[in-house]
Amino acid sequence: MRRNELLAGLALALLLRLGFTVHAYYKADQPTPMGYAYEPIARGLLASGVYSNPPGGVPTASREPGYILFIYLIYKVFGDQRIYVYLVQVLLSTLTTALLYDLTKRLFSPVAARFAFWSCVFYPYFIYYTAYFCREVLLAFLLVSILLLLVRWKDAVSAAAAGSLAGWLCLANGAWALGCAWSVLALYATEKPALKFKRAAAFAAPVVLLIGLWAGRNWRVFHEVIPFSSDVGGEIYIAMTIPYELLGSEEQTRLLGADERFQAISKLDELSRHKAYMAAAKDYFLAHPARFLARQAEHALKMWRPLPHTRGYTHSYLVVAGAALASDGWLIPLALFGLWLKRRDANVRWFLVPMVVLVTGAFSISQSPIRYRVPLVIIVLMLAGAGFEELWKRHGTKLTRALS
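Just so we're on the same page, my numbering is the position in the sequence shown counted from 1, plus 2.
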């Protein structure tokens, strides 16, 4: 792809994201109240130096610190106006598009990279989440940066840099920890003998250090091992007991309201609540192991369904469904075709596929809405690019002749 086309695509990506962000900002819409779950803690840290919600309140571990520190640093540098966070997310999402082009070109080919690039420019969920307090834009940027560092430079320094970003990724959302842990094994398995240990250790060290710092803080404050979030217990319990199609709906609220054990636990303090929900989830699993495994499989599959369930979206469901079908409706099948073509590629087998499988599996234990798959679309677009290249080789000439 020529330089002018690349710059034009980046300019268009920037304008699309900026335009939607400004539009959403002045409408003052958020997809759910949970969109503000991270920002109050960042404000608390800014105002009092305490990781708390509300500002100056009791210390909390209800949310992992990766995205909250991202918000905090932006507020610290530019001022505590929400628009600054959104504008930085616009820039990160645009930069992600450029990095994805470079990564796909190195892993596959210029043709696949060009397809992935333009798909990323127009991908509706990448545009949408720049305008809200959701982690998806940051997670996608971190993922593509980690993969590019591992592919482009084959030394211990680049592996350590990738590991630092991987630690940040895990602390932005703990569900990515399994994928990052596997990447250590993948590095050891795929590198040349002289680099195996150095690269794997250099990648693993900052991941362990960053997670350890957060877990150490929680031990000091709560005297309990909390490696990621104290909300995990409640999320697991809800995912076990509420049918998937009802998650996030008014019916979920009604069912939980009638659940006496859930209601009793919800009145406890944060740490006691976390431990009680984990105990309740364990009891439910022991009583219904087959139902749990079936529900987990259902969550994993439905996380990748083309259409979202009907919910109280800030936009018309027809718009949401149309955007889903116009993007994931054909990109996911095309990526599966690309996966079949590249199934023997070492990077696909050792890094890309395990990352998708392990992260999807981690989400399937708790609630797994479509939103959680958005950062993984980085891998989907690369594989779809490989699938497109093969289809073009087979049918492109015929199509060009027909159109001419």
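Just so it is clear, CB atoms sit at the ideal spot from N, CA and C, and this is done for glycine as well.
- A Cβ-Cβ separation of about 17 Å leaves P308 out of contact with G340 under the 8 Å criterion.
- In the DSSP annotation of this structure, L309 is not part of any alpha helix (DSSP H), being labelled neither H nor E.
- Across the structure, L173 and Y69 are spaced so that their CA atoms are roughly 8 Å apart.
- As DSSP reads the structure, P61 sits in a beta bridge with S54.
- Between the segment 177-190 and the segment 351-359 there are three or more C-beta pairs closer than 8 Å, enough to call the two in contact.
- Here E193 is not near P377, since their CB atoms are 8 Å or more apart.
- In summary, L9 is exposed, with fewer than 16 beta-carbon neighbours lying within 10 Å of its beta-carbon over all protein chains present.
- With respect to G387, F117 sits close: the two C-beta atoms are nearer than 8 Å.
- Annotated three-state conformation of N175 is coil, per DSSP.
- DSSP places G259 in the uninterrupted alpha helix (DSSP H) bounded by 252-259.
- Across the structure, Y125 and A289 are spaced so that their CA atoms are roughly 43 Å apart.
- By the criterion of a C-beta distance shorter than 6 Å, A364 is surrounded in its chain by A177, L180, once the five residues flanking it on both sides are discounted.
- R256 has its alpha-carbon roughly 46 Å from the corresponding atom of L150.
- CA-CA distance, V52 to L140, rounds to 23 Å.
- Nearest to A217 by C-alpha distance, out of V159, S64, F72, is S64.
- Annotation for R108: the continuous alpha helix (DSSP H) segment containing it runs 84-109.
- For the pair of segments examined, the segment 106-116 was found not to touch the segment 309-319: the number of CB pairs separated by less than 8 Å stays below three.
- Counting of Cβ neighbours within 10 angstroms places P42 among the buried residues, the total reaching 16 or more.
- The beta carbon of Q91 lies closer than 6 Å to those of T132, V139 in the same chain, with the five residues before and after it left out.
- Around the Cβ of K344, a 10 Å sphere holds 16 or more other Cβ atoms; the residue is buried.
- The shortest CA-to-CA distance from V60 to any of K78, V358, L273 is the one to L273.
- Here the segment 16-28 makes contact with the segment 82-89; the two share three or more CB pairs at distances below 8 Å.
- Straight across, the Cα-Cα distance linking H397 with A302 is about 34 Å.
- Rounded to whole angstroms, V79 and V159 show a C-alpha spacing of 28 Å.
- In the DSSP assignment, Q265 falls within the unbroken alpha helix (DSSP H) covering 262-268.
- Residue ranges of uninterrupted alpha helix (DSSP H) with 4 or more members, entirely inside the segment 118-144 and ordered along the chain, are 126-130.
- Proximity to L145 across A266, P57, E247, L102 peaks at L102, based on C-alpha coordinates.
- In the DSSP annotation of this structure, M3 is not part of any alpha helix (DSSP H), being labelled neither H nor E.
- In the displayed model, A39 falls within coil according to three-state DSSP, outside both helix and strand.
- A straight-line Cα-Cα distance of about 15 Å links R375 and L338.
- With a cutoff of 8 Å on beta-carbon distance, F205 and A168 are scored as near each other.
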